[in-house]
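**Q** Mind having a look at this structure? Questions to follow.
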């Protein structure tokens, strides 16, 4: 009788443990986009008159210097997006900060042909 009671307790305990619903996490595309908070913090630092240090050896360039392939890729994949800033590194990769119509912003890292670069 004692063994039957202990077996019942374990069976009910295991059923209760597996009856919980699992939480699902939404996948994030962190390989190519930077959160808006990070972009805003960099903008605020530069606005205060402090010298901004480029990360990953990217040096800031004029938006007009961005190749046509990169510009057309952004227009095709992100219709209505506005390019806010651009920078380039020695490997020929471009980092373009964009703002979308819905108010979100981020940075895209692409090569000279407009292909996404994973870093």
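Residue numbers (the UniProt record's numbering): 1 to 119. Glycine included, each C-beta is placed from N, C-alpha and C at the ideal position. Remember, predicted model here, so these are calculated numbers, not experimental data.
How is residue 13 classed by DSSP in three states: helix, strand or coil?
**A** What you label residue 13 is simply residue 13 of the chain shown in a count that begins at 1. In the structure shown, residue 13 sits in a helix (DSSP, three-state: H, G or I).
**Q** According to DSSP, simplified to helix, strand and coil, what is residue 1?
**A** Looking up residue 1 in the chain shown gives position 1. Three-state result, residue 1: coil.
**Q** Span of the beta strand (DSSP E) holding residue 82?
**A** As a first step, residue 82 must be located in the chain shown, where it is residue number 82. Where residue 82 is concerned, the enclosing beta strand (DSSP E) stretches over 82-88.
**Q** I'd like the list of long-range same chain contacts for residue 101, defined as Cβ closer than 7 Å, with 5 residues on each side in sequence excluded.
**A** Position 101 of the chain shown holds residue 101. So the list reads 80, once near-sequence residues are dropped.
**Q** For residue 66, does the count of other Cβ atoms within 10 angstroms reach 16, so buried, or fall short, so exposed?
**A** Start at 1 with the first residue of the chain shown, and residue 66 comes out as number 66. The residue is buried, with at least 16 neighbouring Cβ atoms inside 10 Å.
**Q** Can you give me the C-alpha to C-alpha distance between residue 107 and residue 117, rounded to a whole angstrom?
**A** Position 107 of the chain shown, counting from 1, holds the residue named residue 107. Position 117 of the chain shown, counting from 1, holds the residue named residue 117. For residue 107 and residue 117, the distance between alpha carbons rounds to 12 Å.
**Q** Where residue 14 and residue 6 are concerned, what is the direct C-alpha to C-alpha distance, given to the nearest angstrom?
**A** Within the chain shown, numbered from 1, the residue matching residue 14 stands at position 14. Within the chain shown, numbered from 1, the residue matching residue 6 stands at position 6. Approximately 12 Å between the Cα atoms of the pair.
**Q** Is the distance from the Cβ of residue 76 to the Cβ of residue 98 below 8 Å?
**A** Against the chain shown, residue 76 aligns to sequence position 76. Against the chain shown, residue 98 aligns to sequence position 98. For residue 76 and residue 98, no; Cβs fall outside 8 Å.
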